[in-house]
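Those letters in the sequence shown? Residues 61 to 632, per the numbering used here, in order.
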Amino acid sequence: MNIRDLLEERISKAISTLAGSPAKAMLARSSRPEFGDYQANGVMSVAKKLKRNPRDLAQELVQSIQLDGIAEKLEVAGPGFINIWLSKNFLSDSLCNQEQLLTNTAHTETVVIDYSSPNLAKEMHVGHLRTTIIGDSIARVLTQLGHKVIRQNHVGDWGTQFGMLLTYMQDQTDNLDEYDNKLADLENFYRAAKARFDSEPEFARRARTRVVALQAGDEETLKAWKQFINTSLSHCQTIYQQLDVQLSPDDVMGESAYNDDLQNIIADLQQKQLLVESHGAKCVFLEEFTNKQGEPLPVIVQKSDGGFLYATTDLAAIRYRFSKLHADRALYIVGAPQILHFQQIFALAKKANFIPEGCEITHHPFGSILGKDGRPFSTRKGGVEKLGNLLDEAEQRAYTLVAAKNPELGEEDLRLIAKTVGIGAIKYADLSKNRTGDYIFDWDQMLSFEGNTAPYLLYAYSRIQSLFRRGNINFDEIKAEVITTTTYEHQLAVNLLGFQEVVELVARDALPHQLCNYLFDLASCYMRFYEHCPVLSAEKTLSHSRLILCKKTAETLKAGLYLLGISTVERM
Ligand code: ARG
Numbered sequence: 061m062n063i064r065d066l067l068e069e070r071i072s073k074a075i076s077t078l079a080g081s082p083a084k085a086m087l088a089r090s091s092r093p094e095f096g097d098y099q100a101n102g103v104m105s106v107a108k109k110l111k112r113n114p115r116d117l118a119q120e121l122v123q124s125i126q127l128d129g130i131a132e133k134l135e136v137a138g139p140g141f142i143n144i145w146l147s148k149n150f151l152s153d154s155l156c157n158q159e160q161l162l163t164n165t166a167h168t169e170t171v172v173i174d175y176s177s178p179n180l181a182k183e184m185h186v187g188h189l190r191t192t193i194i195g196d197s198i199a200r201v202l203t204q205l206g207h208k209v210i211r212q213n214h215v216g217d218w219g220t221q222f223g224m225l226l227t228y229m230q231d232q233t234d235n236l237d238e239y240d241n242k243l244a245d246l247e248n249f250y251r252a253a254k255a256r257f258d259s260e261p262e263f264a265r266r267a268r269t270r271v272v273a274l275q276a277g278d279e280e281t282l283k284a285w286k287q288f289i290n291t292s293l294s295h296c297q298t299i300y301q302q303l304d305v306q307l308s309p310d311d312v313m314g315e316s317a318y319n320d321d322l323q324n325i326i327a328d329l330q331q332k333q334l335l336v337e338s339h340g341a342k343c344v345f346l347e348e349f350t351n352k353q354g355e356p357l358p359v360i361v362q363k364s365d366g367g368f369l370y371a372t373t374d375l376a377a378i379r380y381r382f383s384k385l386h387a388d389r390a391l392y393i394v395g396a397p398q399i400l401h402f403q404q405i406f407a408l409a410k411k412a413n414f415i416p417e418g419c420e421i422t423h424h425p426f427g428s429i430l431g432k433d434g435r436p437f438s439t440r441k442g443g444v445e446k447l448g449n450l451l452d453e454a455e456q457r458a459y460t461l462v463a464a465k466n467p468e469l470g471e472e473d474l475r476l477i478a479k480t481v482g483i484g485a486i487k488y489a490d491l492s493k494n495r496t497g498d499y500i501f502d503w504d505q506m507l508s509f510e511g512n513t514a515p516y517l518l519y520a521y522s523r524i525q526s527l528f529r530r531g532n533i534n535f536d537e538i539k540a541e542v543i544t545t546t547t548y549e550h551q552l553a554v555n556l557l558g559f560q561e562v563v564e565l566v567a568r569d570a571l572p573h574q575l576c577n578y579l580f581d582l583a584s585c586y587m588r589f590y591e592h593c594p595v596l597s598a599e600k601t602l603s604h605s606r607l608i609l610c611k612k613t614a615e616t617l618k619a620g621l622y623l624l625g626i627s628t629v630e631r632m
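Here it is as structure tokens:
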């Protein structure tokens with residue numbers, strides 16, 4: 061159990077006994093060292109219910125709370141907070157007896173995560189960065205805590221655009237082997253196809269015929285389509301590799317995979333008497349969704365021409381995820397513009413009983429990436445920035461920085477470090493912002509060695525490694541206890557032991573910036589410790605104790621960065 065939960069359990073017990081009914085102690089890390097290590101702020105609401113003076117109640121509680129061997133001081137503060145100082149022995153024992161930095165959560169689940177999910181008709185662009193990076197981090201966090209994670213890359217590989225694209229392709233070549241070459245620049249390919257579709261009626265007619273053939277399962281068309289999809293997917297896979305995200309071709313479960321199930325979904329909804337016909341289209345009306353005039357908003361699941369929609373496919377995906385993949389939780393990491401879409405289909409899926417009792421389905425939306433001008437991020441030419449170019453630029457910029465700092469390093473080392481720093485900087489800049497808001501893409505900020513950035517954390521980690529090299533440390537020979545005499549050591553120890561609770565928080569809320577803030581605090585705390593507490597030159601017992609703190613810090617930084625999808629470097 062993490063420390064926060066342990067304290068909360070003990071103190072809640074005491075409050076509940078006093079209140080005569082279950083009450084929560086509401087524990088959080090204290091905002092300042094003067095307020096102790098943790099603070100309970102649940103007393104006030106209990107006092108209100110009991111019509112008692114909250115400070116008196118807190119005072120009474122402090123006498124009855126059972127924290128022997130855990131806390132060394134409890135103090136009532138402000139209107140009725142209880143400040144808690146952890147005991148030296150508890151900190152030392154907890155750190156020294158820790159076998160792993162993270163342990164599995166008590167209750168593990170099957171969690172489906174829908175992320176990245178680009179449309180394959182076009183090239184991946186900056187718009188896909190957030191879902192891919194955030195989703196990857198959440199997947200790592202949940203996996204690390206022992207959950208069974210099933211990644212679902214719900215790519216857009218079906219729909220009318222493919223008629224247009226395949227027709228355009230047919231005019232270029234009939235040879236499937238040449239697709240790779242033709243689609244090298246998918247963005248231009250799409251644009252050229254669209255231009256013909258919009259300006260040539262005969263081309264548009266052929267494109268529509270091609271869609272019908274595709275949907276009817278015409279063998280030759282399907283073959284061409286498959287080749288197109290595979291080529292486009294391999295572009296995505298290149299980006300995933302460069303970004304170091306753990307998505308593989310096996311995680312692809314695109315829209316087309318649900319084709320055969322869409323008619324069943326309609327039949328199912330029909331049978332459950334949820335369908336209403338409106339202007340020839342099949343719709344479901346949900347009372348909770350109305351337009352500005354107060355009229356109910358329909359979710360259209362089948363068009364009057366018989367075609368299915370994005371929503372229909374998503375319903376099939378939901379049913380599949382709970383009934384076939386046996387998800388306990390399904391998370392959707394998709395941008396804020398789709399909030400209403402998910403609200404509607406989740407509500408519909410619940411109504412249709414696609415989501416078993418006790419299971420959870422949640423959308424975790426995120427804001428946009430903006431340029432420094434506050435407008436959607438774009439290239440200098442004004443087009444949408446291609447992801448591959450952006451990642452190359454990150455590596456190049458990091459290379460310049462790292463090379464200037466480390467003139468002694470060889471080319472190969474420099475390239476490797478630059479890759480870690482450059483890609484890490486892009487990921488960290490994204491993950492460190494609360495995902496619910498927009499953020500400004502700023503090279504200088506994300507590549508800065510100061511502040512809450514990847515370079516700062518990577519540098520902190522590499523500094524610890526260089527300390528070990530300098531001291532020629534062999535940790536097999538060091539089995540010391542941790543002595544937390546100074547406030548710097550105490551703070552560092554408390555921070556280190558808070559890793560588990562912050563990771564569990566990220567697993568619950570899918571908000572990775574909480575982990576970033578934690579790591580930034582940890583690194584800053586370490587820097588203060590290092591500035592004030594000599595490590596190698598201290599007398600032996602103290603030196604060993606401090607080395608253990610250094611080691612734990614390095615391990616925690618590494619493990620934390622890994623959960624963000626960022627690797628570490630030994631020097632930089
Ligand atoms: N392909 C969609 C897009 O690019 C995102 C899909 C998200 N996932 C889902 N199950 N709808 O906007």
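Glycine included, each C-beta is placed from N, C-alpha and C at the ideal position. This structure is a prediction, so every number in the text was calculated from the model and none was measured.
Looking at the unbroken alpha helix (DSSP H) that takes in residue i, where does it start and where does it end?
i, result
"residue 335", "Looking at the DSSP string, residue 335 is not in any alpha helix (DSSP H); the run it does join, the beta strand (DSSP E), is 335-338."
"residue 121", "114-124"
"residue 65", "63-79"
"residue 629", "Note, residue 629: premise wrong, no alpha helix (DSSP H); not H, not E."
"residue 1", "Residue numbering for the chain in the displayed model covers 61 to 632; residue 1 lies beyond these limits and cannot be assessed."
"residue 572", "Where residue 572 is concerned, there is no enclosing alpha helix (DSSP H), given that its DSSP letter is neither H nor E."
"residue 551", "547-557"
"residue 275", "261-275"
"residue 235", "Looking at the DSSP string, residue 235 is not in any alpha helix (DSSP H), and its letter there is neither H nor E."
"residue 108", "103-110"
Tell me the residue span of the beta strand (DSSP E) that contains residue i.
i, result
"residue 290", "That residue, residue 290, is in no beta strand (DSSP E); its alpha helix (DSSP H) goes 279-303."
"residue 362", "356-362"
"residue 344", "341-350"
"residue 596", "First-last for residue 596: undefined, no H or E at that position."
"residue 174", "170-174"
"residue 100", "98-100"
Quick one: what does DSSP say residue i is sitting in, helix, strand or coil?
i, result
"residue 539", "coil"
"residue 156", "helix"
"residue 309", "helix"
"residue 130", "coil"
"residue 179", "strand"
"residue 564", "helix"
"residue 89", "strand"
"residue 135", "strand"
"residue 143", "strand"
"residue 414", "coil"
"residue 167", "coil"
"residue 376", "helix"
"residue 533", "coil"
"residue 384", "coil"
"residue 184", "coil"
"residue 398", "helix"
"residue 633", "In the structure as shown, the chain starts at 61 and stops at 632, and residue 633 therefore has no counterpart that could be examined."
"residue 515", "helix"
"residue 613", "helix"
"residue 162", "coil"
"residue 245", "coil"
"residue 618", "helix"
"residue 148", "helix"
"residue 624", "coil"
"residue 84", "coil"
Among all the DSSP beta bridges, which residues are the ones paired with residue i?
i, result
"residue 423", "392"
"residue 643", "Outside the shown range of the chain, which is 61 to 632, sits residue 643, and nothing can be said about it."
"residue 368", "362"
Length at least 3, wholly inside the stretch 186-226: the beta strand (DSSP E) runs in chain order: 208-212
Alpha helix (DSSP H) runs wholly inside the stretch 424-512, at least 4 long, in chain order: 447-465, 471-491, 503-506
Nearest-residue set for ligand 1, Cβ under 7 Å from any heavy atom: 174, 177, 178, 179, 214, 215, 216, 370, 374, 377, 392, 394, 398
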